[in-house]
Amino acid sequence: MSADDVLCIGCKFDYLKTIGKFYGDNEASVEFLRSHGVLPLGVKCKKCHRPCSFRSDTRSWRCRRQFLDHLDGRKKCCNYEVSDCAGTLLEKSKIQPWKCLLFVNHWLSRNWDHECINECLQFSRSTSVFWRSYCSDVLEDWFHRQNPIGGVGVVVEIGMTSIQQTWLLGGIERASKKSFVVSLRNQEVNEDLLVPLIKKHVLPGSVICTEYIMEYASLSSHEYVLATTNASSIDSKCCTLTVESMWCDVKKSLMRSGMREKYLEQYLAKYLFVCHHENSKQVLHHFFTEVGQIYPPKANHANVNMSISY
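Following this note's numbering, the numbering of the sequence shown begins with 19 at its first residue and continues without gaps.
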């Protein structure tokens, strides 16, 4: 295994740089997918458990180990072979790897346009719908595994809003802008529901600022500091203007998407994921890292312990 065949720990590409880097270049695209765990870095033979060799002409991994057949005394070749794409997002797709990257790059942008990407990449509508659904599933899985925010002394503004008759609970760190959002669809909104959700998504020791002080009163007995708020006062240290601004941004984003209520969590997942990573220019990196973790290649991986960044 060469030094380049290692997992990426943080490449940075903005929207235009991604297009310039990968447009029409399958080799660079495959290297990117491989370094993010979407394609295998190495494969071990299922028969003899030796490392397989990669064949670029057939895009497959093959074992050519020779062994002596004790029945007839002849040398034979193992010939175990598996597709490079086995069990991956490219296995049943006929699109080229570079088109996969550019589709995801555009889908993750704030200016997603279904017709534009179909025309530029020459996708059929059904192909585009399939890939959009695939991307949404990846981020919805991430959405349900949101990391908790806050910490000792960290100010977290907590608030609620309603979108298409569905209540949302959300929080945001005032300084770092790390955030979480949870859909409360078809649930009775009360302290018994809200307090456990806050305990799940906000770390103990956080200073919680909220207008809903009565609903969260019991949090003070769970290692949280509750602060009296003034939602409209810019001068107040405990105002909730940051979370209110987040709700405005969420609603604008969902309106641009032409949101349908049954896909609410998918829209929220995309919004949060992009917000978490766009400033670091690592949206694409983190997306395909998620893909590699959720849908690892079925081919046996060689043990890889090294990491690099571009």
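Glycine included, C-beta positions come from ideal geometry on N, C-alpha and C.
How would you label D253, buried or exposed, when you count the other beta carbons within 10 angstroms and need 16 or more for buried?
Note that D253 has pLDDT 43, beneath the 50 cutoff, so the model's placement of it is unreliable and the number below is only indicative. D253 comes out exposed.
Determine the closest residue to L187 out of Q140, M178 and S263, with distance taken between C-alpha atoms.
M178
In three-state DSSP terms, what is A104?
coil
Could you check where the beta strand (DSSP E) with F198 kicks off and where it finishes?
S197 to S201
Of the residues R192, S298 and F148, the one placed nearest C257, counting alpha carbons only:
R192
When DSSP labels each residue in this structure, what does G310 get in the three-state scheme?
helix
Using DSSP's beta-bridge definition, name the partner residues of Q84.
C95
Along the beta strand (DSSP E) that carries L186, what are the first and last residues, could you check?
T184 to E191
Over what stretch of residues does the beta strand (DSSP E) that includes I181 continue unbroken?
V173 to I181
With a cut-off of 8 Å on the beta carbons, I'd call M167 and H240 a contact; round off their distance for me.
Residue 167 is actually Ile in this sequence, not Met. Not a contact, Cβ separation roughly 16 Å.
So K269 and I135 are supposed to be a Cβ contact under 8 Å. How far apart are they, rounded?
K269 to I135, Cβ: 24 Å. No contact.
Assign I135 to one of three DSSP states: helix, strand, or coil.
helix
Any idea which residues DSSP pairs A329 with across the strands?
Nothing about residue 329 can be read from this structure; the chain reaches only from 19 to 328.
Under the DSSP definition of a beta bridge, which residues are partnered with K62?
P69
Could you pull the DSSP bridge partners for V268 from this structure?
BP columns for V268 are empty, so no partner.
In or out: P214 buried (at least 16 other Cβ within 10 Å) or exposed?
exposed
Alpha-carbon spacing of S251 relative to L259, whole angstroms
With a pLDDT of 48 at S251, under the threshold of 50, the predicted position of this residue should be treated as unreliable, though the coordinate-derived value follows. So the alpha carbons of these two residues sit roughly 8 Å apart.
What does the alpha-carbon distance come out to for the pair R73 and R80?
7 Å
Endpoints, the alpha helix (DSSP H) within which K288 is located:
L282 to H295
Best match in R274, D32, R92 and R82 for proximity to V301 [C-alpha to C-alpha]:
D32
Where I216 falls: helix, strand or coil (DSSP)
helix
R150: first and last residue of the uninterrupted alpha helix (DSSP H) it sits in
R143 to F161
Run the CB neighbour count on M264, radius 10 Å, all protein chains shown included, and call it buried at 16 or more, exposed below.
buried
On the three-state DSSP scale, how would you describe Y26?
Residue identity differs from the one stated: residue 26 is Cys in this sequence, not Tyr. Correct three-state label for C26: strand.
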